[in-house]
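Taking it in order: structure first as structure tokens, then the write-up.
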Amino acid sequence: MGKLLICDPVSKVALDAIRELGVAMDVRDSITAEELAEVIGEYEGMVVRSRTKVRRPLIDKAAKMKVIIRGGVGLDNIDVDYARDKGIDVRNTPAASSNAVAELALGMMFALTRHLSAADASMKAGRWDKKKFKGTEIAGKTLGVIGYGRIGRLLGAKAKALGMTVIAYDPYIQHEDIVPLDELLARADYISLHMPHTPETHHLMGAAQFAQMKQGSFLVDAARGGIVDEAALYESLAQGHLAGAALDVYSQEPPTDEPLRQLIALPNVLATPHIGAGTREAQDRIGDEIVKLVKEYLV
Ligand code: NAD
Numbered sequence: 112m113g114k115l116l117i118c119d120p121v122s123k124v125a126l127d128a129i130r131e132l133g134v135a136m137d138v139r140d141s142i143t144a145e146e147l148a149e150v151i152g153e154y155e156g157m158v159v160r161s162r163t164k165v166r167r168p169l170i171d172k173a174a175k176m177k178v179i180i181r182g183g184v185g186l187d188n189i190d191v192d193y194a195r196d197k198g199i200d201v202r203n204t205p206a207a208s209s210n211a212v213a214e215l216a217l218g219m220m221f222a223l224t225r226h227l228s229a230a231d232a233s234m235k236a237g238r239w240d241k242k243k244f245k246g247t248e249i250a251g252k253t254l255g256v257i258g259y260g261r262i263g264r265l266l267g268a269k270a271k272a273l274g275m276t277v278i279a280y281d282p283y284i285q286h287e288d289i290v291p292l293d294e295l296l297a298r299a300d301y302i303s304l305h306m307p308h309t310p311e312t313h314h315l316m317g318a319a320q321f322a323q324m325k326q327g328s329f330l331v332d333a334a335r336g337g338i339v340d341e342a343a344l345y346e347s348l349a350q351g352h353l354a355g356a357a358l359d360v361y362s363q364e365p366p367t368d369e370p371l372r373q374l375i376a377l378p379n380v381l382a383t384p385h386i387g388a389g390t391r392e393a394q395d396r397i398g399d400e401i402v403k404l405v406k407e408y409l410v
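All the letters of the sequence shown, read from the start, carry residue numbers 112 to 410 under the working numbering.
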């Protein structure tokens, strides 16, 4: 039976379930990169979230490693191809957080269109700006979903149930909702992004695309930093072409660079700190998936 190292926080329920499997496990969920490099050679399995970086020099030291388990979706923190070349499997828990992200995107659409965060800030400042916060309804509007995989399709189904027309763009799947990108950009009142960040999707949403979007439309990005050209988004919002944008992900996390701070500070931007998967239910499902993978590889 293999020995497991937990490098990032994992739910207590999942840790208890792994102990019940009889797997020898060290929980060091705030381990530093230096400490990790010293001990990695002892383990057959490791569990990481997004904090721990698993790069080539570390993989070179992981002589006994059979599997790297990433609780969550993105594999940006792991040199996946290099690990696989060394015979180490890299597994993640892709479906566990889909509903949480779809619900966040929907919540962002409501929050943008009804000015919820500005209205709340105004109340807290003692004002009663009833007329200022006139909104629009999402029923009867068109949602354009870019990236029609797990999260995109879940969002699409929820939006249809709320009376929206849903169109989507995704070059890799066939679905009756799919339309060409140009058509989606021109027709949608809301656009929500749900594709991975790859060289192909880098700055897929830039000045040209924002210009093609309808005057007064909204953008939601709970996918990955780097897909949106943030400087171009700033321009479009500042000029009042886009009515608003909700962002959960950034090219730099946490965002400290001045241009990014200026984007976040715009009154028509709603910003959250990468909380898409941050629901109790998603974290529990991630835990369940981790336990299944530990059982598959180490028991
Ligand atoms: P998925 O793999 O099920 O779907 C992604 C879809 O994007 C696929 O259908 C794929 O064909 C499509 N795609 C790829 N390249 C594209 C392109 N150039 N243009 C349009 N579509 C393209 O993934 P998912 O589980 O739905 O997750 C989607 C993304 O959400 C993930 O890549 C991840 O980065 C992000 N995510 C964010 C959070 C968060 O906390 N905000 C949490 C989980 C996932």
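Each residue gets a CB set at the ideal place from its N, CA and C atoms; glycine is no exception.
Span separating the alpha-carbon of residue i from that of residue j
i    : j    : result
K172 : Y154 : 10 angstroms
R396 : S209 : 10 angstroms
N203 : A382 : 26 angstroms
G246 : H385 : 26 angstroms
K403 : I129 : 9 angstroms
D240 : D340 : 33 angstroms
E364 : R264 : 27 angstroms
L371 : A318 : 16 angstroms
T338 : Y193 : This sequence places Ile at residue 338; Thr is not what is there. Roughly 24 angstroms between the two C-alpha positions.
E346 : L353 : 9 angstroms
D200 : Y283 : 25 angstroms
M220 : A174 : 48 angstroms
V184 : P205 : 5 angstroms
R335 : V360 : 5 angstroms
L292 : M112 : 50 angstroms
S228 : Q350 : 21 angstroms
Y280 : L304 : 10 angstroms
M316 : L344 : 8 angstroms
K271 : A144 : 46 angstroms
V138 : L186 : 21 angstroms
T312 : L330 : 16 angstroms
Cutoff 7 angstroms; reference residue i; Cβ partners in own chain excluding five residues on either side
i    : result
P120 : D140 and R160
G398 : V121, S122, V124 and A125
R166 : D190
Nearest candidate by alpha-carbon position, reference residue i, set the options
i    : options                   : result
I375 : E364, L358, T390 and A194 : L358
D332 : R162, L292, A216 and G237 : A216
M176 : G182, V150, A222 and G185 : V150
A148 : Q394, P168, E392 and D137 : P168
G218 : E407, V410, G387 and L409 : G387
M306 : G260, L409 and L296       : G260
I257 : K235, A174, A342 and Q320 : Q320
I401 : I117, I289 and M112       : I117
I142 : R225, I262, T163 and G182 : T163
P378 : D288, Y280 and S233       : S233
I302 : T224, A342, V410 and K235 : T224
R391 : D231, D127, L348 and A211 : A211
D196 : D187, V178 and N188       : V178
H314 : G355, D288, L295 and S362 : S362
G198 : N188, I170, K235 and A230 : I170
Any non-hydrogen atom of the ligand NAD within 7 angstroms of residue i CB
i    : result
D171 : no
T204 : no
S208 : yes
V184 : yes
Y280 : yes
T309 : yes
L324 : The displayed chain sequence assigns Met, not Leu, to residue 324. Every heavy atom of the ligand NAD is 7 angstroms or more from the Cβ of M324, so no.
L227 : no
H314 : no
G260 : yes
D359 : yes
I257 : yes
M220 : no
H385 : yes
Same chain, Cβ closer than 8 angstroms to residue i, neighbours up to 5 away in sequence not counted
i    : result
V405 : L115, I129, L132, V134, G156, V158 and I180
A299 : T253, L254, G255, I278, M324, K325 and S328
A250 : L273, G274 and M275
K269 : A213, E214 and L217
A222 : S228, A357 and L381
A297 : Q323, M324 and K325
One or two residues paired with residue i in a DSSP bridge
i    : result
F329 : Y301 and G355
K114 : A135
L254 : V277 and Y301
G156 : L115 and V178
R202 : I180
V212 : Paired residues: none, contrary to the question.
L381 : A357
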